Amino acid sequence: MENSKQLNLPKVRTFGEKFSDSFKFIRINLSVLLRAHFVVSLPIIVLTAGFFVLVFRDHFSLLQTIESGPFADSIVMRDNFTRFGVFTVFAYLAVIPVSIVTMSILDVFVKGNGEKADFALVMANLKKKYFRLFLLKLLISPLAILCAFLIFLPMGPALSGFNVALAILLFIPGLIFYNLFICADLLVFQHDYAIGLAISRTWAIMSRNFWTALPTSAGIMLLYFVFCLMLMIPLEILELIKGMTSGYVAPDSFWGIFLVTLRGFNTLLSLSLFSLPVVMAGIEYFTIRETNSRAGIMERIRLIGVSEEKQNVYAEEEQY
351 MENSKQLNLP KVRTFGEKFS DSFKFIRINL SVLLRAHFVV SLPIIVLTAG
401 FFVLVFRDHF SLLQTIESGP FADSIVMRDN FTRFGVFTVF AYLAVIPVSI
451 VTMSILDVFV KGNGEKADFA LVMANLKKKY FRLFLLKLLI SPLAILCAFL
501 IFLPMGPALS GFNVALAILL FIPGLIFYNL FICADLLVFQ HDYAIGLAIS
551 RTWAIMSRNF WTALPTSAGI MLLYFVFCLM LMIPLEILEL IKGMTSGYVA
601 PDSFWGIFLV TLRGFNTLLS LSLFSLPVVM AGIEYFTIRE TNSRAGIMER
651 IRLIGVSEEK QNVYAEEEQY
């Protein structure tokens with residue numbers, strides 16, 4: 351029987367067990383997660399944010415000075431589109447270190463027989479495979495971004511509620527590609543695959559199990575978005591109250607600096623919470639693997655006495 355400090359990940363789970371065991375994994379490895387994110391993820395996210403600020407600062411400052419004129423509406427529309435596009439690309443890049451670090455912890459956890467991951471082993475794992483996984487993510491992520499914008503371009507201007515429409519249109523293709531490449535990181539960690547092989551394997555596995563994994567992927571991503579919205583609500587209320595009582599809040603005032611700092615903290619917290627969907631992805635992968643391994647065993651039993659050509663022994667990763 352599993353105790354509160356152990357968890358056997360490679361087993362078949364129900365929908366509810368996937369959620370509960372994801373939270374249990376995070377509880378067991380919380381100190382390792384926080385430490386690894388502080389040492390690895392946080393510096394990379396800060397550097398990424400700094401790069402985006404330096405590159406796009408002048409662009410947004412110029413557009414914000416335009417308050418009237420015959421082209422004001424089109425400029426605002428174009429500015430909103432550019433701003434949302436920049437934030438979307440930043441979000442994709444910012445969750446890359448969170449995803450890789452979390453999956454490294456999960457890999458060490460599994461290889462350690464379901465006991466708390468060792469931080470030194472996690473760091474050794476990252477030193478060996480981080481760059482390869484970063485390149486893998488860069489190859490995969492643009493597919494979702496490109497698909498999202500191809501869908502938005504003809505439809506977005508005709509929809510009301512700009513941010514809501516964009517969020518929905520980005521979520522659908524993002525969910526599809528997230529579900530298709532859900533186990534790419536783990537295949538690299540578990541089997542030391544090269545980038546091309548990891549992409550082809552995860553495509554082969556998840557395309558055959560797409561509809562099986564989709565409810566789990568959709569459920570955990572919706573839960574993640576709910577968590578993020580809950581973090582945003584207090585800040586939005588605070589900004590609304592301050593705006594109603596004091597009017598315009600200067601960016602260099604005390605309240606302006608406080609709100610920007612609080613929003614930055616909320617952003618970092620939201621990014622760190624992405625560990626939950628990553629853990630869920632790993633658990634989904636093990637559920638698919640174990641389910642199909644059982645089916646493979648039953649198939650080989652059925653083929654006893656049949657010619658050897660029909661009884662080829664497939665590698666574990668090829669069975670599902």
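Whatever position you read off the sequence shown (first residue = 1), add 350 for the numbering used here. The beta-carbon is built from N, C-alpha and C at its ideal position, and this holds for glycine as well. These numbers were taken from a predicted model, which means no experiment stands behind them.
- In the three-state reduction of the DSSP assignment, ARG558 falls in the helix class.
- A Cβ-Cβ separation of about 5 Å places GLU634 in contact with THR566 under the 8 Å criterion.
- ARG613 is positioned such that its CB atom lies no closer than 8 Å to that of VAL538.
- Assigned with DSSP and collapsed to three states, TYR574 falls in helix.
- In the three-state DSSP reduction, PRO360 falls in the coil class, being neither helix nor strand.
- Collapsing the DSSP output to three states places ILE532 in coil.
- For LYS374, the uninterrupted alpha helix (DSSP H) run begins and ends at 365-378, by DSSP.
- Secondary structure of ASP468 (DSSP, three-state): coil.
- In this structure, the CA atom of PHE406 is about 12 Å from the CA atom of THR398.
- Nearest in C-alpha terms to ILE638, of all of PRO627, SER449, ALA568 and CYS533, is CYS533.
- Sequence-distant Cβ neighbours of LEU626 in its own chain, meaning closer than 7 Å and more than five residues away, are SER372, ILE376, ILE570 and TYR574.
- Pairing ILE394 with PRO447 gives a Cβ-Cβ distance under 8 Å.
- For ASN463, there is no enclosing alpha helix (DSSP H), as DSSP gives it neither H nor E.
- CA-CA distance, LEU486 to ILE607, rounds to 37 Å.
- Residue state for SER603 is assigned as coil, using DSSP reduced to three classes.
- Taking C-alpha positions only, LEU588 is separated from PRO523 by approximately 33 Å.
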